[in-house]
Amino acid sequence: MSAPTGRSRSPVATLLRVTRNRPEPVTGERCEMCAAPVGADHQHVVNLESRGLMCSCRACYLLFTEDGAHLRYRAVPDRYLSFEGLPLDARAWDELQIPVGLAFLFRNSAQDRTVAFYPGPAGATESELPLDAWTTLVAAAPELAVVRADVEALLVRRTGRDGREGVASCHLVPIDACYELVGRLRTVWRGFDGGQEAHAAMDAFFERVRARSRPASPERTAAGTTTGATAAEVSS
Numbered sequence: 109m110s111a112p113t114g115r116s117r118s119p120v121a122t123l124l125r126v127t128r129n130r131p132e133p134v135t136g137e138r139c140e141m142c143a144a145p146v147g148a149d150h151q152h153v154v155n156l157e158s159r160g161l162m163c164s165c166r167a168c169y170l171l172f173t174e175d176g177a178h179l180r181y182r183a184v185p186d187r188y189l190s191f192e193g194l195p196l197d198a199r200a201w202d203e204l205q206i207p208v209g210l211a212f213l214f215r216n217s218a219q220d221r222t223v224a225f226y227p228g229p230a231g232a233t234e235s236e237l238p239l240d241a242w243t244t245l246v247a248a249a250p251e252l253a254v255v256r257a258d259v260e261a262l263l264v265r266r267t268g269r270d271g272r273e274g275v276a277s278c279h280l281v282p283i284d285a286c287y288e289l290v291g292r293l294r295t296v297w298r299g300f301d302g303g304q305e306a307h308a309a310m311d312a313f314f315e316r317v318r319a320r321s322r323p324a325s326p327e328r329t330a331a332g333t334t335t336g337a338t339a340a341e342v343s344s
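To convert, note that position 203 of the sequence shown is 311 in my numbering; the numbers rise steadily by one, no gaps.
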């Protein structure tokens, strides 16, 4: 019998050939829609049904940027605004039924209502936000109505204890920034109000937010010129 011709059919040779042709293992973060690699500063989309955030490449992200589209996913914008002089005294804060001095509020389109969450050792806890209290707050500060449903939130921090008048710091931020803050606070939260380390984390986070924010409402300077975001910029 003559010797076989052509390629060797040795199992070892076959295994070596398969190993050489095997693609490199996947490392790093990837888009959860198309599996393309993404950088550390990648963007997110929200699943409107589960409320979960999904890592997204730029191409997939752009598919879900249309606010009016009836889609399951929606892109999280990168917009930061500050609201100065927010009429949120101790009484107004108590009416929101938020037991700690920090909360984020957003419009849940699936439930057709505004919801509020505050941080704690178990993560984000939902507050039973009274509709009348929110309606009253928006009536006193109409600029708050620019928040985009599902993907943006009002991040509010109120300082002052023992019945003293507090100062409210309020910013419009992407919803993923709120989840980032809550995740960080969950690891350091101690006691009822969070403790020293949690407050230091809040200070650092709000400092970064302030640095990225622009005024949400035009303000008159002493010279009479208008500063801040225009109506077109606020709605963009």
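Glycine included, each C-beta is placed from N, C-alpha and C at the ideal position.
Between the beta-carbon of residue i and the beta-carbon of residue j, is there less than 8 Å?
i	j	result
HIS150	CYS165	yes
ARG209	THR267	Checking the displayed sequence, the identity of residue 209 turns out to be Gly instead of Arg. Cβ atoms of GLY209 and THR267: closer than 8 Å.
PHE212	LEU262	yes
ALA200	LEU252	no
PRO185	GLU288	no
GLU137	MET162	no
ALA276	LEU194	yes
ALA232	LEU156	no
LEU237	VAL223	yes
LEU170	VAL264	no
ASP311	ARG256	no
ARG298	TYR188	no
Quick one: measure Cβ to Cβ for residue i and residue j, integer angstroms, because I've assumed they're closer than 8 Å.
i	j	result
PRO282	GLU192	That belief does not hold up - the Cβ atoms of PRO282 and GLU192 are roughly 20 Å apart, past 8 Å.
HIS279	SER158	Contact flag wrong, Cβ pair sits at about 26 Å.
ARG182	ASP258	6 Å
PRO227	LEU293	4 Å
VAL296	ALA309	6 Å
ASP284	HIS152	5 Å
Kindly identify the DSSP beta-bridge partner or partners of residue i.
i	result
GLN304	Beta-bridge pairing links GLN304 to no other residue.
MET141	Looking at the DSSP assignment, MET141 forms no beta bridge with any residue, so it has no partner.
SER190	HIS279 and PRO323
PRO227	ALA232
HIS150	Note: HIS150 sits in no beta bridge, so no partner.
PHE212	PHE225 and LEU263
ARG298	GLY302
CYS163	HIS152
What residue range does the beta strand (DSSP E) around residue i cover?
i	result
ARG166	No beta strand (DSSP E) contains ARG166, which is instead part of the alpha helix (DSSP H) from 166-170.
ARG182	181-183
Let's see if you can read the secondary structure: which residues bound the alpha helix (DSSP H) around residue i?
i	result
VAL243	In the sequence on display, residue 243 carries Thr and not Val. Note, THR243: alpha helix (DSSP H), 239-248.
ALA198	198-203
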